[in-house]
Structures are given as structure tokens and as C-alpha cells.
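A.B. asks:
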Amino acid sequence: MDLFESAGTDEAGLPTDAHAPLAVRMRPRSLDELVGQGHLLTPGSPLRRLVEPADGAAAGAGVSSVILWGPPGTGKTTLAYLVARGSGRRFVELSAVTAGVKDLRAVVQDARRRLGASGQETVLFVDEVHRFSRSQQDALLPSVENRWVTLIAATTENPSFSVVSPLLSRSLLLTLRPLEAEDVAAVVDRALADERGLGGRVGITQEAREQVARMAGSDARKALTVLEAAAGAVLADPGARTPGEQGEAAPLIAVEDVERAADAAAVRYDRAGDQHYDVISAFIKSMRGSDPDATMHYLARMIAAGEDPRYIARRITIHAAEDVGLADPGVLSTAVAAQQAVALIGMPEAGLVLAQAALAVATAAKSNAVTLALDRAMSDVRAGRGGQVPAHLRDAHYPGAQSLGHGQGYLYPHDFPHAVVAQSYLPEDLEGAEYYRPTSHGFEDRLAQRLASIRRIQRGTTPIDSHPGGPTEAERCSQARSALSQGPWSGAPRGQES
């Protein structure tokens, strides 16, 4: 809807209703009142040019699309309102929670009509743009490319994950930093004194002030919400009034009032914000780093914050392959079983399943040889290396295949001792390539010995360290075959080697 048609706001989009929430009434009216984002407000910065009207040749030179990314309560919506106040352009606000493609098209059509008829420009503010589907985000592209609107999109999620690449590449990304404790305290002080806020009708102890800032974290909106609740409780209790600094009777907000108003501090993990990616990143790196205690800490934070257990299970499964691999092959089976169990039993019991699987990854021998093997192979393929499939490996089951030479000369490994035969499998230009290089960790230590024997037989080559008078090639192949019989497939169970 057109912001100026909203009840209780003026032409700048600022609240006119004295009964509006404190956080709304105290929304900054200028860039000077915005706290904690000085890095975005230097003279001539893109954001300042967007907020402050340009004159002469500078007019129209601003950006056509901006994505504001930051935690809740850091000023994203405020900046959108300041654009409305300073740019002189028509301002339209949509919420990605309730709007659809039809709403977007209606706004854009109206914006194009106004631009053509009177030259009036439109700023379109899309709050929580990460909630738009891909098709809804794609619908914004023509408007941005043709400058039919100036798009301001706000998100609490990392745009690299939540905004489609075409829109991201056409937009200026501005990152709003989490507010520091002193920033939040400054917001509290202003709300206590300003006539738009509490107008000096209530005070606060230093301890309570610090408690508000601590509970709010970096969220100024939350700080003002807690302050308003605490102030309301104190003002409603005449017995709480104590002499103020000026000798006048004034109520003081104490720590106990703040704690009752806030109930308890929220878990510092936000499923809808960037904390999501920070905690899951720490969880993954703790498993990779073989720290079971840190792994449990970050798992507990995700569970306490209500993270989808299926998401956690998927990450564990991925890293069972990526960070453990064949150093302990059984861990992947454990992770897959956990993923299935989580889907079957649900929370809270699924937490135990996740803990077992995560600990299995954290305490297992580590190897990224599988990851590197795939990376090396993909690198060659992307570079165009790898020609025709060798003729003896091609499909020979269809009529006429043999006349083309397909399948001719293929040696069936099971007809040979230990099911290994001197035969090439890679395309000719990749002959001798070694993508998989086992480490000396866990099960891969023994696997490396077996693979070395297999490669000697397959290639029929003399080892580099051969010397005159040494074993003949036939003797070397015999030794390699003998080594296979002592390979890692016998002996201790997988993953149990020291």
C-alpha cells in the first residue's frame, strides 16, 4: 500500500498517533539520529545520496536498487522511511509476508504511469524480501533494470543465500552492523527524554539501563519494547515513585522491573537472521576440528532456538562424507541412519539421535581425500579434459555396437586373481591421473596400501624406485597381488584401526 495512505503517519511515513508503540514513535527523523551505522553515512556515500535529495547534475545519479542486510532492530525500516522523508519521491511499502506477484505488478504499473505522466518517481520498499519466492524476486528485475522504481529491500538473512543472484548482482548491498551496547543505551536515553517518547516522566537506574542494553543485544526495537513495558509497570505503581535528581517526584525503573518486563533474555540464535549461519558454521567447524564439546554446545544452541532437526541432520550427513570420508566409512552410515530416525521420531527425542551422529563425526578419524578427489576430477572436466570413453569400456549391448568396436578387448576383472587386471579405464588424455589420494588417517592408511597395489597391477608399470637386479615385472605384479590378500578388507573392523 502507499505509505502516505497509512493511518497514523504523515507524508514522511512517520507516526502521528501518540498511542503508537514507543519503538515506532522514536523512529529517527534524520540520519543524525541513526545510531551504530556511521560506516554507511559518510559524505557522498550511496546511502546518503539516496536519503538526501540531489541537485543539478547529481540528480538521478543514485543507485536504482539497494538491499539492506542486518540483524533485527538495526535501522533497516528506519532508513526506508528516511528515504521517503528526504528524497521527495512517492513511497510504497510492501511486506514479503503478505504481498504476491500480483501486488508487485500493480505497484510497478502505477509507478510507470506516474513516471510517464508527471515524472514522479517511486521508491518501493520490500520488507523481509527473503520471504519472497524465487519467482516473486524475479518479478522485481524488470523494474530495477529499467528504473521504473527505486527498490529498497530489507532482509535479516544473508542475501547470498536468500536473494536470487540476478537481483543481487543488480543491487547495491549495504550491511548494517549489530548495535553496540552504548548504541542501544543511547537509544534508551533518547526515548526517556524525548517528548515523542516518555518525555522525562520516568527515570532509570544505571544498572537497569545496562540490563536493558544487555537483554536487547543489538536490537534497538527490542530495547524500546522492554523499556516501554517496564516504564508502564512503574508508572502504574505509585509506590515505586522516588525523588528524582531535580528533587521532583519521579518513578525510577529498576533492574527487577526490566527483568519482569523482558521475562528472560532470548537465546542468541535467530533462525530468521544471520546468527543462523554463524552458529551452524561453528557447529560444522567444531565437528571438523574434532572438538566434541564445542559440537555439543552449538548443537544445543540450535535445538534450544527451535532449529529444524532435519536441517541439522542434513548438515551432519554432508560432513560425514566431506570431513571423515573413508577414514571411517561407518560414520556416513550413522549419519544417514540419524537422518532417517529424526524424520521418524521427531523432537525432543530426535535430539539424542542428532547428538550421537554429531559426536560420531566429531570423534572420527578425519580425511578430506574424498572431497579433494571430486574437486580434482571436476576441475579436469570443467577444463574440457577427458576425451572419448575408451572403446573397450563402451556399451556393447545394443545392435551394431560390436561392429563399431564397442566393448572389444574388455577384460572382466572377476576372471583374474583378486578381481584386478592390467587395464586402463580413464580417457586417453587423462591416463595416469590420480584423483583419489588416501591420507594416512584411520582406515585410509591401510586403504592407501591396497590402492597402491591395485594401481601397479592395473598399469603394469615398474615402480619409480626400481633398480637393476630387482624383481621382474611379473614378480612385482605377483607381489602386488599378494599385498591385496593382506589388504584392509580383512582384519580389524573399518574405522577401528589405530
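Residue numbers (UniProt numbering): 1 to 498. Ideal Cβ placement from N, Cα and C applies to all residues, glycine included.
(1) In its own chain, which residues sit with a C-beta less than 6 Å from the C-beta of Val163, not counting the 5 before and 5 after it?
(2) Okay, do the segment 348 to 356 and the segment 396 to 411 touch, 3+ Cβ pairs below 8 Å being the bar?
(3) Between Val258 and Val226, how many whole angstroms is the CB-CB distance? I'm expecting something under 8 Å.
(4) Checking the sheet assignment: what are the DSSP bridge partners for Glu93?
(5) So for Ala266, helix, strand or coil by DSSP?
(6) Three-state secondary structure (DSSP) at Ala153?
(7) Measuring only from the beta carbon, is Pro166 closer than 7 Å to any heavy atom that is part of the ligand ZN?
(8) Does Ile316 pass the burial test, meaning 16 or more other C-beta atoms within 10 Å, or should it be called exposed?
(9) Name the residue from Arg209, His319, Glu182, Ala139 whose alpha carbon lies nearest to the alpha carbon of Asn368.
(10) Between the alpha carbons of Tyr410 and Arg376, how many angstroms are there, rounded?
(11) On a Cα-Cα basis, can you pick out the residue from Ile284, Val370, Leu198 that is closest to Pro251?
(12) Using the rule of at least 16 other Cβ atoms within 10 Å of the residue's Cβ for burial, across every protein chain shown, is Tyr277 buried or exposed?
(13) Which residue spans inside the segment 288 to 342 form an unbroken alpha helix (DSSP H) run of at least 4?
(14) Could you tell me the boundaries of the alpha helix (DSSP H) in which Ser65 lies?
(15) List the DSSP bridge partners of Leu82.
(16) Excluding the 5 residues flanking Gly73 on each side, which residues of the same chain have their C-beta closer than 6 Å to its C-beta?
(17) Taking the beta carbon of Arg456 as the centre, do at least 16 other beta carbons fall within 10 Å, making it buried, or is it exposed?
(18) May I have the straight-line CA-CA distance separating Gly413 from Val420, to the nearest angstrom?
(19) Does the distance from the C-beta atom of Arg170 to that of Ser65 stay below 8 Å?
(20) Relative to the C-alpha of Ala20, which residue among Gln340, Val255, Glu228, Leu344 is closest?
(21) Under 8 Å between the Cβ atoms of Leu174 and Leu141?
C.D. replies: By the coordinates alone:
(1) none
(2) no
(3) 6 Å
(4) Phe125
(5) Confidence at Ala266 is low in this model, with a pLDDT of 42, below 50, so the placement of that residue should be treated as unreliable; the coordinate-derived value is given next. Reduced to three states, the DSSP call for Ala266 is coil.
(6) strand
(7) Summarising the ligand content, the structure contains no ligands, and the ligand ZN is consequently not present.
(8) buried
(9) His319
(10) 27 Å
(11) Leu198
(12) exposed
(13) 292 to 304, 309 to 319
(14) No alpha helix (DSSP H) holds Ser65; the beta strand (DSSP E) holding it covers 65 to 69.
(15) Answer is none; Leu82 lacks a bridge partner.
(16) Asp219, Ala220, Arg221, Lys222
(17) buried
(18) Note that residue 413 corresponds to Pro in the displayed sequence, not to Gly. So the two alpha carbons sit approximately 5 Å from each other.
(19) yes
(20) Glu228
(21) no
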